[in-house]
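Counting from 26, one number per residue, gives the positions in the sequence shown under our numbering. Glycine residues also receive a C-beta, built at the ideal position from the N, C-alpha and C atoms. Keep in mind it's a predicted model, so treat the numbers as computed, not measured.
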Amino acid sequence: MHVPLRPRSGCLVLCLCLSVFTLLLQSLWVPPEMTRHEPAGRSPEEQGQRGLGFRRLALRLEALSAQVQKLSSDAQLSRDDLSLLIQSFREDQQGLAHIVARELERVSQRLEQLSRRRHHQAHTPPPDDDIRIHTGPNETCEVPKDPAYPVCAEKVEFLQAHWKSDSCYAFYGVDGSTCSILTYLSQIEDFCPSHPGPNRPVLPWHQNPHLNTESAEIRTTLNPLYEAIDNSSGPAVSFIRSRVERLSDQWLQAGLRMRRRGNGTALSQMRVLLYPGALAGRSGQRFEAMVKRGGPLGELVQWADLGACLTILGHNLTFSSTQQHLHSLIGAAPGRGSCPIQRPLTFNLIYTDYHGLAHLKGAMGLAFLHYRCRFRILDSFGTEPAFNLRSYARSHGYKTVWGSWGLQPLQYMTMFPHTPDNSFLGFVSEEPARKLEADAYIKDRMAVVYGKQDYMWQGKSEYVGLISEQLETHATVYQAPGHASHLPRFIRNHGLLTQERFLRLLRRARVFVGLGFPYEGPAPIEAIALGCVFLQPRFDPPHSSDNNEFYKGKPTTRQISSQHPYAETFIGKPHVWTVNPTNKTDVREAVRAILRTEVKPFTPREFACEGMLERVESYIAHQNFCSTSAPTWPPERSLRIHLGPLGQSCVEACRRSSHVCEPALFHLLNSPSTFTRLGIDCSSVQQEVNHLLPSFIPWGRFCGLQQEPLLFSCAGSDPSHRRLCPCRAHLPGQVALCLNCS
């Protein structure tokens, strides 16, 4: 029997149907907080998306139901209004049915997956790579009191209040409950005893990865490096690749010479990550922009040559220049870096810079301290021990933005051998001209000025003018489009040149003129290798962090006597002339003497490809900063003990006898017996935490020994101290190595 419905009763029936259907959908939707047994690999964000389709559908139907109720309560509801409502509902009916069918099918598939997984887990132990933690919903846990874990309760309290501050905690299964926090603090971090059970598991990021048993063999190709670099892009990376290509013949020939000579013991092939952090993130954007405008290229030169060197030595390289790529390579947990990495670090060595060190710290959490012995930091100007140890730097006035990482000082790798407390990595330069290329080095009566940006020339016009009296003077200064040049009129400016064109210009020049800045770059060494004489300003007083804005904040106390102290001290005349730029007579006489002198191309061995290969190979073979035992390289037989004069550092004391200070040998003389051997009568001998020790103070005959090995310092000096110094001889042209030290 057909019973006609009045408009209001029809709306009520429709509203009832919609409400029932909405309740059905809500009963099918399981909120995320109830699904703690998600499969490995699903992030908290993905878990939060579960049931999103159902929620949207329920909200849609609830809104429609509310509209029906509103209309049904309206006493003035007309038949036309009801007709429009029913028509709208019919138009949505097909779409709603499709959504319902799709969501029900998804629920069915999910239930089937959970059923299979539970059956599989009942018969199979959890996989090693599933490092997320699981706790039952009804577990009750108490914070253990174990003297072996004194900060456990404090860490639990912290996470109870702050576990939502970083999504990495939820990624590892922390949900705010005490059980989940205790499990995390025992199975992922190591602040609490194992929970539950007496056997403490090996932390996932502590486990030993598969060791590479292959030997590193000298390669005769650089293709592996090209393949690694090709994963990145940008002007800086393009410069690195072009430099490697330009010097490829030199590298390959040097590798062949090393192979013929043989190196005795074969090294294991290392897995090495190169991460120039200066190219990543916001700092990378600024650096890339500077490269296009004639900014500093010294760091890129060093990265290019390091990559080529490690490739020729036969190691396995990975190159990364973005933080996102870095995180994937090291297995960083999602979030802001409060948690350890997910798996053991697979790289034996990571070469990075100060920017990259901060990125690694932010990505690795607790694992950063565990793996920091594998880091090597490219640090152009050096980091002295007094700046390196955070607590000491703060209490003694050595705190800067660049120091305080607490690494072994030899983990910092410099561009020049100016800081013996660090390892000298260096770079490579052009090799002396071969006989067949002699015509390419016929010199014109011209000078090229070292300075690619306008500001470097400020106040230098008179100095450069004295040189231009006798030499045609050229520049390679970046000129922004539409901007007038501020260079003197007698200068012939070529604008910013590619590396190849710049080197062709140097091959024609007699003199390469330093303006005083940039400090300690690679260009003067390359100019000398191409047959130029480097003419540079002397600094009086020397530049340092006390009187110079550039060095202010740098973690070094060095006194810079000229624009390029290495060229002045280790090369010298006739290749390097250092003058007072304000003394006209001094400048004119230097230029005349240079024009009277025949100078041939010259490259110190340590800046040739073979020299860098020898040096890096020795570092990889002998520098082990993960060992807790005392260093054994260089060997004890290379030690020469010197007692320096008052106020002199060990750098200076060793140099007086044509030796270098060797910080790895400090532990051999840090004992009372050394003072006895030197005939020093000590009224007292004490161990202290002080970067000036070991040393002797004549007033009171106090003999001080070093208590903190990280503060063994070649650089420290004080007017009241006579430093006890570990010196050694070095190979000719190779400061980092000594005779019979391999």
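| Check | Outcome |
| --- | --- |
| Histidine 589 lies in the beta strand (DSSP E); which residues open and close that run? | Looking at the DSSP string, histidine 589 is not in any beta strand (DSSP E), and its letter there is neither H nor E. |
| What are the complete alpha helix (DSSP H) segments, minimum 4 residues, inside the stretch 693-765? | 697-702 |
| Suppose contacts are defined by Cβ-Cβ distances below 8 Å. Is arginine 17 in contact with histidine 499 by that definition? | Residue 17 cannot be examined here, being either before or after the span of the chain that is shown, 26 to 767. |
| Closest by CA to leucine 385, which one among Phe406, Gln349 and Leu414? | Gln349 |
| Since tyrosine 251 is in the alpha helix (DSSP H), which residue starts that stretch and which ends it? | 248-254 |
| Among Pro734, Pro723, Leu735 and Gln759, which has the Cα closest to the Cα of arginine 747? | Pro723 |
| Between the beta-carbon of glycine 539 and the beta-carbon of histidine 600, is there less than 8 Å? | no |
| Rounding to the nearest angstrom, what Cα-Cα distance links serine 416 and isoleucine 375 in this structure? | 26 Å |
| Thinking just about the alpha-carbon of each residue, which of Thr347, Ser696, Leu528 and Ser745 is nearest to the one in serine 674? | Ser745 |
| Please go through the same chain and pick out, in chain order, the residues whose beta-carbon is closer than 6 Å to the beta-carbon of threonine 347, but skip the five residues on each side of it. | Ala305 |
| Determine the burial state of lysine 477: buried for a count of at least 16 other Cβ atoms within 10 Å of its Cβ, exposed for fewer. | buried |
| Taking the alpha-carbon positions, what's the arginine 318 to aspartate 469 distance? | 28 Å |
| In the DSSP assignment, find the beta strand (DSSP E) that holds proline 566 and state where it starts and stops. | 558-568 |
| Anyone know if the C-beta pair for phenylalanine 264 and leucine 325 falls short of 8 Å? | yes |
| Where does isoleucine 585 land, buried or exposed, given buried means 16+ other C-beta within 10 angstroms? | buried |
| Count the other CB atoms within 10 Å of the CB of lysine 579; is the residue buried (16 or more) or exposed (fewer)? | buried |
| Taking the alpha helix (DSSP H) that asparagine 413 falls in, what are its first and last residues? | 410-413 |
| Is it a yes or a no for the stretch 431-445 touching the stretch 399-414, going by three-plus beta-carbon pairs under 8 Å? | yes |
| How is phenylalanine 515 classed by DSSP in three states: helix, strand or coil? | coil |
| Please classify phenylalanine 700 as buried or exposed, where buried requires at least 16 other C-beta atoms within 10 Å of its C-beta. | buried |
| If we ignore side chains and look at the alpha-carbon of each, how far apart do methionine 637 and asparagine 248 end up? | 19 Å |
| Excluding the 5 residues preceding and the 5 following proline 547 in the sequence, name in chain order all residues of the same chain whose CB lies nearer than 6 Å to its CB. | Gly323, Val326 and Phe452 |
| Rounded to the nearest angstrom, what separates tyrosine 503 and phenylalanine 527 at their Cα positions? | 13 Å |
| How would you call proline 493, buried or exposed, if buried means at least 16 neighbouring beta carbons within 10 angstroms? | Residue identity check: residue 493 is serine in the sequence provided, not proline. Buried is the call here. |
| Under 8 Å, do leucine 292 and serine 240 count as touching if we go by C-beta distance? | yes |
| Count the other CB atoms within 10 Å of the CB of leucine 703; is the residue buried (16 or more) or exposed (fewer)? | exposed |
| Threshold first: 3 residues or longer. Then list the beta strand (DSSP E) segments lying entirely within the stretch 570-656, N to C. | 585-587 and 601-604 |
| Measure the Cβ-Cβ separation of proline 549 and phenylalanine 559 and say whether it is below 8 Å. | yes |
| Determine, using beta carbons only, whether valine 714 and proline 445 come nearer to each other than 8 Å. | no |
| Report all residues from its chain with a CB closer than 6 Å to the CB of leucine 391; omit the five preceding and five following residues, and keep chain order. | Glu214 and Pro365 |
| For leucine 521, which of helix, strand or coil comes out of DSSP? | coil |
| May I ask you to report which of helix, strand or coil DSSP gives cysteine 364? | coil |
| Looking at the unbroken alpha helix (DSSP H) that takes in glutamate 677, where does it start and where does it end? | 675-680 |
| Is the beta carbon of leucine 530 closer than 8 Å to that of valine 473? | yes |
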